[in-house]
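Residue numbers (the UniProt record's numbering): 1 to 233. All C-beta atoms in this analysis are idealised placements derived from N, C-alpha and C, irrespective of residue type, glycine included. Because the structure is a prediction, the values reported are computed rather than measured.
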Amino acid sequence: MSTRRTYQQYCGLASALDVVGERWTLLIVRELLMGPARYSDILANLPGLGTNLLAERLKFLVERGVVHQVDVRGTGAQLAYALTPVGEQLRPLVLGLARWGMEFVGDLRPEDTVRPHWGFLAVEAMLDQSKVSDVDECYEFRVDDQVFHIAVSGGRASAVKGAAESPAMVARTDAATFVQIGAGRLTPLIAMVTGRLALEGDMDAVVRCCDVLGLETGMPARHAGQVPPVAAV
Numbered sequence: 001m002s003t004r005r006t007y008q009q010y011c012g013l014a015s016a017l018d019v020v021g022e023r024w025t026l027l028i029v030r031e032l033l034m035g036p037a038r039y040s041d042i043l044a045n046l047p048g049l050g051t052n053l054l055a056e057r058l059k060f061l062v063e064r065g066v067v068h069q070v071d072v073r074g075t076g077a078q079l080a081y082a083l084t085p086v087g088e089q090l091r092p093l094v095l096g097l098a099r100w101g102m103e104f105v106g107d108l109r110p111e112d113t114v115r116p117h118w119g120f121l122a123v124e125a126m127l128d129q130s131k132v133s134d135v136d137e138c139y140e141f142r143v144d145d146q147v148f149h150i151a152v153s154g155g156r157a158s159a160v161k162g163a164a165e166s167p168a169m170v171a172r173t174d175a176a177t178f179v180q181i182g183a184g185r186l187t188p189l190i191a192m193v194t195g196r197l198a199l200e201g202d203m204d205a206v207v208r209c210c211d212v213l214g215l216e217t218g219m220p221a222r223h224a225g226q227v228p229p230v231a232a233v
């Protein structure tokens, strides 16, 4: 077992922080919430994290039963890291922390890293099931080179990787703009006007999508009709 600092407190919260409270650990968990990932991919998506420290963090998480190695191709030639069932229990906690952290997202700085696949977890974190409409439909997001969607069915909404079959709305944008909209620093309307967001589909579907994500559209009163596509920069 790795030798690490501990709070030495007989408490559930302190025990949790003994496992995931170290710098970078929750960000490693965030990467694995998207699915199994190779060591090199985790390292590439966490600039500033040295390879030795990543190896130490992963080793400790494996020892604690939070992470395990999986054979993604069944050949033994390409091993990846994945969350165990115990690790998956962190999902609602990480999503809740991500949602809470949107309050503190500031301006994008030149040194800041942003990845389009983080948008998927952002959408999952932002979903408000109390605001889901009774209309079964899908809202698709194309963030840089990543595609995912929200599927609404039976009064529940879920975030799904990949394209939707027949989306009622399609949004195209870049990762930084997506984060700024999610943080409430930019409305979809302003993003469209400035060419940073393109929306296509039914206006009512756009409004329903914004409702379930807790976003202020900045658009005029609801009315039926199509949203004209606006080319994103």
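Subject >> Span of the beta strand (DSSP E), counted from its first residue to its last, around Asp-71 >> reply: 67–71
Subject >> Beta-carbon proximity list for Gln-129, same chain, < 7 Å, skipping 5 on both sides >> reply: Arg-156 and Ala-157
Subject >> CB-CB length for Thr-173 against Val-143, believed under 8 Å >> reply: 6 Å
Subject >> Ser-40, enclosing alpha helix (DSSP H) - first and last residue >> reply: 39–45
Original post:
Which residue from Ala-205, Leu-46 and Gln-9 puts its Cα closest to that of Asp-134?
Top reply: Ala-205
Original post:
With DSSP run on the structure shown, which of helix, strand or coil describes Ser-153?
Top reply: strand
**OP:** Output the distance between the C-alpha atoms of Leu-33 and Glu-88, rounded to the nearest integer angstrom.
**Re:** 7 Å
**OP:** Please confirm if the region 85–99 is in contact with the region 44–56, defined as three or more CB-CB distances below 8 Å between the two stretches.
**Re:** no
Original post:
Is the distance from the Cβ of residue 234 to the Cβ of Lys-161 below 8 Å?
Top reply: Coverage of the chain is limited to positions 1 through 233, which leaves residue 234 absent and any answer about it impossible.
Original post:
Buried or exposed: where does Ala-14 fall if 16 or more other Cβ atoms within 10 Å of its Cβ makes it buried?
Top reply: exposed
Original post:
Taking Cβ positions, are Val-94 and Leu-189 nearer each other than 8 Å?
Top reply: no
Original post:
With 16 as the cutoff for other CB atoms within 10 Å, does Glu-124 come out buried or exposed?
Top reply: buried
Subject >> Span of the alpha helix (DSSP H) around Asp-18 >> reply: 12–20
**OP:** Between the Cα of Val-132 and those of His-68, Leu-215 and Thr-113, spot the shortest distance and give me the residue it belongs to.
**Re:** Leu-215
Subject >> Where Met-126 sits in the DSSP three-state scheme >> reply: helix
Original post:
So, helix, strand or coil for Leu-83, using DSSP?
Top reply: strand
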